[in-house]
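Worksheet: one structure, shown below.
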Amino acid sequence: MKNEFIIGDIVTLKSHPLFKDKYIKGDGKLVPPFMVIKEVFYEDKKKRTHSEELGKEIADKIKYTCVFFDDNKTEFKDVILYNSMLSEYPKTSTSKKEKESKEKEITYYIDNYEFGKNVVFITNIFEISKERESKKKITNKLVNDEGDIVIKNTETKTIQNLVNYSSPEFILCGIKKNENVNDFYPNGEKRKVISEILYKVKWFNSNQMKFSEIYLPAACFTEEQSIETKALYNLDKKDN
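All residue numbers for the sequence shown refer to the working numbering, where the first residue is 3 and numbers rise by one.
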């Protein structure tokens, strides 16, 4: 089975509201983060994916380690999620042939490593571009020329940026080959796919009042916030 995503892809839960609408409605704290694929795991063919009792699917043959930035704790966090739980963001209309070709090559947004360079986590542009819509209804009692009371209802709409999971700029301060290696089953099939090159970045952790650093796949970072910022809802619709 071929994996749906590769290292460096930006993904989020299929339940993300921007897959359905241009704006986020409701409590912004309930919106899942955009994440980057960090590792790919292929389960053994003997792995049980269906409930023995009910025969319903309970797991995938492919899962990923995804990384996102927790802006509350000012640190990166990992989570392991199954293929069926995720969608790429923004959605692309990649053909099967293009997808198979993509699986062979990881995209690096930084052409050359340079010590001390400012870099950005590739999900940040999408996080800071999220918009939340809220509506407020106001009822006014007015007196007309005849002295009668008239009820007039008005509605105001407010659009605000929703910046949870946003990340700071980082300083590139290290590079190394991954100590782990791609893993294979005895029959030669892939068990685990990792990034060959890791970048070390440093930032100020305001939650702990200290400087923090971490090694992450090189594909997690870009030099500029120049990625297309339109919400997925707009990508699937022509401008009127």
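C-beta: ideal position from N, C-alpha, C; glycine also.
Predicted model, so just to flag it, every value in this text is computed and none were measured.
Using a Cβ-Cβ distance cut-off of 8 Å, the stretch 161 to 170 and the stretch 132 to 142 are in contact, since at least three pairs of beta carbons, one from each stretch, lie closer than that value.
Rounded to whole angstroms, the separation of the alpha carbons of D72 and N207 is 11 Å. Taking C-beta atoms under 8 Å as the contact rule, V38 and C175 fail to qualify, at a distance of about 19 Å. DSSP lists V42 and L83 as the beta-bridge partner residues of Y66. At least 8 Å separates the beta-carbon of F213 from that of K202.
Straight through space, the alpha carbons of K119 and V195 are spaced by roughly 28 Å. DSSP, read as helix, strand or coil, puts K204 in strand.
For Y217, the CB contacts under 6 Å within the same chain, skipping 5 residues up- and downstream, are L200 and K202 in chain order.
Note on V42: 16 or more other CB atoms within 10 angstroms of its CB, so buried under the neighbour-count rule. Burial check for E6: the Cβ neighbour count within 10 Å reaches 16 or more, so the residue is buried. Taking a cut-off of 8 Å for Cβ pairs, the stretch 147 to 160 and the stretch 186 to 193 do not touch, as fewer than three such pairs fall below it. I153 has its alpha-carbon roughly 48 Å from the corresponding atom of M87.
Only exposed fits H52, as fewer than 16 other CB atoms lie within 10 angstroms of its CB.
Between the alpha carbons of T67 and K79 lies a distance of about 10 Å. In the three-state DSSP reduction, P34 falls in the coil class, being neither helix nor strand. The Cβ neighbour count for S136, taken over all protein chains shown within 10 Å, is under 16; the residue is labelled exposed. Annotation for N126: the continuous alpha helix (DSSP H) segment containing it runs N126 to I130. Taking the Cα of E226 as reference, the smallest distance to any Cα among K179, V121, N142 and L144 is reached at V121. Going by beta carbons, F70 and T125 fall inside the 8 Å limit. Nearest neighbour of F123 by Cα position, chosen from E116, H18 and E77, turns out to be E77. Collapsing the DSSP output to three states places L164 in coil. Excluding residues up to 5 positions away in sequence, E198 and I199 lie with their Cβ nearer than 7 Å to the Cβ of K179 in the same chain.
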